[in-house]
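Q: Below you'll find the structure I mean.
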């Protein structure tokens, strides 16, 4: 959990909160996407509802969460952020 807290603190200090319309990838985001967690503090969650393992012969299996929107929903960020900051 300390790693998650450290990453959250770094992102908050950099002002990375809310929607980032200047992001080069923004056109592919869903409407109203919350970019506070552009990185995912839960990666790899290994939850089969949100992703799957991809075989890679060079470096082994890689967790793919390309279709996961969980962490980019406002209600998820509003729920998770204060708890991550609190847990430290």
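In the working numbering, the protein residues as written are 1 to 88.
Each residue gets a CB set at the ideal place from its N, CA and C atoms; glycine is no exception.
Below 8 Å, how does it come out for the stretch 57-64 and the stretch 10-20: are there three or more Cβ pairs, yes or no?
A: At 8 Å Cβ cutoff, the stretches do not touch.
Q: Applying the 10 Å Cβ sphere with the 16-neighbour rule, what's the burial state of residue 15?
A: Indexing the chain shown from 1 puts residue 15 at position 15. Exposed, by the Cβ-count rule.
Q: Just the C-alpha distance for residue 1 and residue 84, rounded to the nearest angstrom, thanks.
A: Translated into the one-based positions of the chain shown, residue 1 becomes position 1. Translated into the one-based positions of the chain shown, residue 84 becomes position 84. Below a pLDDT of 50, predicted positions are generally treated as unreliable, and residue 1, at 49, falls in that range; the measurement from the model is reported next regardless. Roughly 8 Å separates the two Cα atoms.
Q: Measuring straight from C-alpha to C-alpha, what distance separates residue 70 and residue 48?
A: For the purposes of this step, residue 70 is taken as residue 70 along the chain shown, with counting starting at 1. For the purposes of this step, residue 48 is taken as residue 48 along the chain shown, with counting starting at 1. Approximately 13 Å between the Cα atoms of the pair.
Q: Who does residue 52 pair with in a DSSP beta bridge?
A: The count along the chain shown starts at 1 and reaches residue 52 at position 52. Bridge partners of residue 52: 64.
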